Every structure is written in structure tokens, then in C-alpha cells.
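In my numbering, the protein residues as written are 380 to 844. What follows is one structure encoded as C-alpha cells, with my remarks underneath.
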């Protein structure tokens with residue numbers, strides 16, 4: 380049996396959980412320097428539009444300057460989870476190919492909600508569970524690694540070609556929104572302290588993410604393979620324009636190749652959710668994304684080509700690479716972020732993966748996305764109790780229990796508000812469990828980190844649901 384084989388192998392791998400947990404507190408109890416207002420902690424804040432009003436999108440020059448400011452950090456300071464090289468020894472896990480049931484509940488009319496709440500602060504309006512897909516934002520971060528084999532290949536190439544492969548990888552993450560059914564629902568918002576782990580023995584990487592701050596909302600993640608390390612911190616915001624949402628990820632991604640020590644950095648571009656109030660909804664990334672090699676100062680510029688006013692979603696992209704002195708490389712990429720990217724020599728670097736069967740009734744998921752909330756033999760009885768797979772409202776939605784999901788969602792949100800009220804009354808400051816913040820960057824903890832604790836036994840963790 381596969382389960383028996385896995386159980387035996389886990390005894391020698393870092394993913395084994397010890398029966399002797401080492402408890403330690405999750406909160407640091409100190410007096411707050413300044414008290415937050417009592418209305419500063421509403422999960423509904425995350426379930427609804429944030430800032431309402433115009434915004435500006437950074438230009439290429441501004442983005443390049445921001446990237447340069449990131450280059451001073453030590454590229455060798457990222458921890459590789461223990462025994463990551465042993466992932467290949469785990470027998471192939473049989474993962475599902477679709478969601479367990481069709482998601483038939485229809486999302487609410489945003490126009491109706493806006494009319495119903497005229498004059499109200501939208502940050503206090505709680506969206507019904509029918510507005511959600513059965514994944515959350517931490518799992519969406521993990522979804523960006525669907526095409527991690529591009530990074531595996533990139534690790535074997537010369538730096539100039541590696542740059543284009545990293546640019547292709549950075550672009551590939553947008554393809555999970557190619558099915559327009561994905562555009563009509565939103566992911567669940569993680570609770571403060573919520574985590575998500577992903578072990579993919581077939582792809583050779585491990586991933587851990589945590590919601591490290593609630594106001595402002597900040598997510599941090601870290602993934603490692605035997606060839607590369609992937610880190611990201613994200614502070615997403617949204618702006619509502621009447622017909623469109625502007626989704627601003629405020630996300631910096633760093634990819635370190637272990638053999639060469641090269642670090643690639645890019646910031647995600649702005650995306651728009653079009654036709655919010657009426658018409659067919661779709662997501663469209665806009666502008667430019669600059670991928671920079673911090674060692675050589677080479678860079679690739681990914682340009683999302685704008686469509687006409689009546690042309691619908693624009694999917695065409697162009698990728699140009701430049702040397703440190705601004706000379707254009709002879710090899711470039713072109714294609715669509717929804718399907719594939721090819722070089723000007725005709726080589727396919729990336730092609731999108733398969734959607735689930737009947738995507739129109741399964742949230743438009745890819746097969747990879749449909750597997751993220753599954754509890755396999757690798758996770759059963761080994762997960763931290765803060766892991767998103769154990770969240771009851773999300774689980775019930777995935778199983779088609781809509782009434783139960785609505786009840787649980789309200790309970791989960793009320794528990795979170797109560798925790799914040801208690802912290803405020805005691806002057807407590809939340810401390811992330813698995814990530815440390817330094818100079819505005821979030822890095823995975825090197826000592827007593829997630830994978831070490833998973834091996835020895837998790838300490839005391841907050842009760843989130």
C-alpha cells in the first residue's frame with residue numbers, strides 16, 4: 380500500500396511528526412506603543428473592496444528603482460528546509476484530478492450588494508460565502524509554483540537564457556486566471572496566523588506560507604528545492620472604479636539559484652478585474668514586469684500588451700532581455716499569458732497546464748489548483764492545526780455544504796474579532812510564528828522553523844476556528 384510505504388519513509392524524512400511536541404508561546408506579550416482603534420480588526424475588511432478611488436500604477440523607471448533597493452539583502456540567508464533532497468524518495472502520491480463536487484451556488488451580484496449598502500463603509504460589509512472559491516490567498520501563492528519545472532530547467536542554463544526562463548516562470552502564474560469562471564469568485568482571506576504547507580514530491584519542492592499581519596494584510600511564503608529557493612511577501616490592496624477592480628499585489632518575488640548564487644527579483648504588475656457590475660468578467664494583467672538578475676544586472680522586461688476599448692481581454696505579451704549596459708539580447712519571447720510562450724527561434728519555453736473537466740462548474744480551476752486543498756497521505760495527521768486545509772468554512776464550501784459554510788464563516792470571523800479585541804485590551808502585539816520581518820522584508824525563520832517543528836512536533840499554536 381502506498382500509505383504504508385510513505386509512513387515508513389517519513390520516519391527518515393523531515394516531514395515526520397514527533398509524538399513529543401515542544402510547546403512555546405505564539406504571542407509576544409508587550410505593551411503596544413500606540414493603541415489601535417477598536418474597529419481596526421474586521422475580517423469583513425478583507426472580504427470587500429479596500430480603497431475606493433483612483434490610483435496610479437508605477438512606471439518602469441519607478442519599478443526598476445524599487446528593484447534596485449532590494450539588491451542589498453544577502454542572497455545566501457535563505458534557509459533550505461531539512462531533507463528537501465529526500466523528496467524524490469517519497470512514492471508518487473495519487474492526487475485528485477478535480478474538486479470533489481460541483482460548485483453550483485451562484486456568486487452574489489456585486490451591483491446588488493453596492494445598492495444595498497449605499498452610504499456604508501464598504502470595509503465593514505461581509506461578503507457571503509457564495510462569493511468565494513474553495514481556496515484562499517495562501518494557497519493562491521502556492522499556485523504560482525504550478526510550473527516550477529521551468530525553474531528546474533533554468534538552473535541548468537547559461538545566465539542569459541536563464542533570465543528568459545525566469546521571466547517565463549513569472550508570467551506563467553497569471554495563466555491560472557485564464558478561465559473566466561475563475562473571475563466571478565474570490566479566494567478566502569486567511570486569518571491572522573493561518574498557514575499553508577505544500578509538499579510536492581513529484582515536483583521536488585516544499586512550500587510554507589503564513590499570514591503575518593492583518594492591518595495591513597501581509598502574506599509571506601517560502602519554497603525550496605534542491606536547485607532553487609523561492610520567496611515572496613505580498614501586501615495586496617484593491618481599488619474599485621465602478622466597472623473594474625484594480626488589484627495591486629504589492630508583491631516582491633525573489634528566486635535564488637543555489638549552484639550559481641544568482642538571485643532574480645521581480646515585482647508583480649497590477650491586474651484588473653473587468654466588468655465587475657455587468658457583462659462577462661475577466662482578469663487582465665497590465666503594464667510591465669521587470670525581472671532582474673542581481674548578480675549581473677541583466678534584466679528582462681515583460682510587456683502585457685494593451686487591448687482596444689472594445690477588443691475584450693488582452694492576452695498578448697512580449698519579453699525582451701537586456702544586458703547590464705542596456706544592449707538587447709538576440710533571443711526574445713512572445714505569446715499569450717493564457718496559453719504559451721515561445722522564443723523568436725521557435726522553441727516553446729512554457730505551455731499552460733490542463734483545466735479540470737467541466738471547469739464551468741468547478742470554479743475554472745486547473746488540475747493543480749484542484750489539488751491544493753486535498754489532504755493526502757503526506758498531510759494526514761501531520762498538518763499544523765493552523766493549516767488552511769483544516770479551515771471548516773472553506774472545507775464545507777468545497778464539499779457543497781453551502782449553509783454550513785456560511786455558518787462556519789461567520790463563526791470564524793467572529794472568533795478572529797474576539798482574538799483581536801482581547802489582544803488590544805492587553806496591549807499585545809502579534810508575532811508571526813514562522814517568518815521574521817527585517818527592514819521591510821519577511822524571511823522564513825532559520826532556527827526552530829516550520830519544517831524543523833513539523834519533524835519534532837508543533838508547539839502550541841493559536842486556535843483559529
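All C-beta atoms in this analysis are idealised placements derived from N, C-alpha and C, irrespective of residue type, glycine included. Predicted, not measured: the structure shown is a model, and the values here were computed from it.
Discussion item. Quick check: the Cα distance between residue 823 and residue 724, rounded to an integer number of angstroms?
Written reply: 40 Å
Worksheet item: Can you tell me the Cα-Cα spacing of residue 594 and residue 571, whole angstroms?
Response: 10 Å
Item to complete: Count the C-beta pairs between the region 572-587 and the region 466-474 that are closer than 8 Å, then say yes if the count reaches three, no if not.
Response: yes
Item to complete: Kindly provide the ranges of any beta strand (DSSP E) runs that are 3 or more residues long and lie completely inside the region 545-605, ordered along the chain.
Response: 565-567, 574-579, 584-592 and 597-603
Practice prompt. Measure the C-alpha to C-alpha separation of residue 482 and residue 509 and round it to an integer number of angstroms.
Written response: 9 Å
Worksheet entry | Between the CA atoms of residue 488 and residue 573 - distance to the nearest angstrom | 29 Å
Fill in: Per-residue DSSP class, three states only, for residue 760
coil
Practice prompt. Give the straight-line distance between the Cα atoms of residue 697 and residue 711, rounded to the nearest whole angstrom.
Written response: 8 Å
Worksheet item: If we ignore side chains and look at the alpha-carbon of each, how far apart do residue 851 and residue 714 end up?
Response: Examination of residue 851 is not possible in this model, given that the chain is present from 380 through 844 alone.
Worksheet item: To the nearest angstrom, how far is it from the Cα of residue 726 to the Cα of residue 766?
Response: 40 Å
Worksheet entry | Best match in 732, 549, 665 and 613 for proximity to residue 820 [C-alpha to C-alpha] | 613
Worksheet item: For residue 537, which option in 774, 641 and 657 has the closest C-alpha, if you only look at C-alpha atoms?
Response: 641
Worksheet item: Which of helix, strand or coil does DSSP assign to residue 453?
Response: Residue confidence is low: residue 453 scores 38 on pLDDT, short of 50, so the model does not pin down where it sits. Its coordinate-derived value is still stated next. Coil, per DSSP.
Item to complete: Determine the burial state of residue 672: buried for a count of at least 16 other Cβ atoms within 10 Å of its Cβ, exposed for fewer.
Response: buried
Worksheet item: Per DSSP, residue 608 is paired with what?
Response: 603 and 635
Item to complete: Return helix, strand or coil for residue 745, following the three-state DSSP convention.
Response: strand
Worksheet item: Which term fits residue 910, buried or exposed, when burial requires 16 or more other beta carbons within 10 angstroms of its beta carbon?
Response: This structure does not reach residue 910, given that the chain is present from 380 up to 844, and the question cannot be answered.
Discussion item. Once DSSP output is grouped into helix, strand and coil, what is the label at residue 324?
Written reply: The first residue shown for the chain is 380 and the last is 844, placing residue 324 beyond what the model contains.
Worksheet item: Helix or strand or just coil, what does DSSP make of residue 707?
Response: strand
Worksheet item: For residue 733, is the classification buried or exposed, using 16 other Cβ atoms within 10 angstroms of its Cβ as the cut-off for buried?
Response: exposed
Worksheet item: From which residue to which residue does the beta strand (DSSP E) around residue 729 run?
Response: 727-730
Worksheet item: Rounded to whole angstroms, how far is the Cβ of residue 534 from the Cβ of residue 606, which I believe are closer than 8 Å?
Response: 4 Å
Discussion item. Within a Cβ cutoff of 6 Å, which residues of the same chain sit near residue 783, ignoring the five residues on either side of it in sequence?
Written reply: 775
Item to complete: Could you pull out every residue in the same chain whose Cβ sits closer than 7 Å to the Cβ of residue 553, ignoring the five residues on either side in sequence?
Response: 664 and 716
Worksheet item: Expressed to the nearest angstrom, what Euclidean distance is found between the alpha-carbon atoms of residue 838 and residue 831?
Response: 11 Å
Item to complete: Could you please give the first and the last residue of the uninterrupted beta strand (DSSP E) stretch that includes residue 668?
Response: 666-672
Practice prompt. Measure the CB-CB distance between residue 565 and residue 511 and report whether it falls below 8 Å.
Written response: yes
Worksheet entry | Residues sharing a beta bridge with residue 682, DSSP | 667 and 697
Discussion item. DSSP three-state label for residue 615, please.
Written reply: coil
Practice prompt. Just tell me which of 799, 702 and 661 has its CA closest to the CA of residue 694.
Written response: 661
Worksheet item: Quick one: Cα of residue 516 to Cα of residue 484, how far?
Response: 21 Å
Practice prompt. Give the secondary structure of residue 830 by DSSP, where H, G and I count as helix, E and B as strand, and everything else as coil.
Written response: helix
Worksheet item: Considering only C-alpha positions, which residue in the set 768, 644 and 773 is nearest to residue 792?
Response: 773
Worksheet item: Roughly how many angstroms lie between the CA atoms of residue 529 and residue 731, to the nearest whole one?
Response: 12 Å
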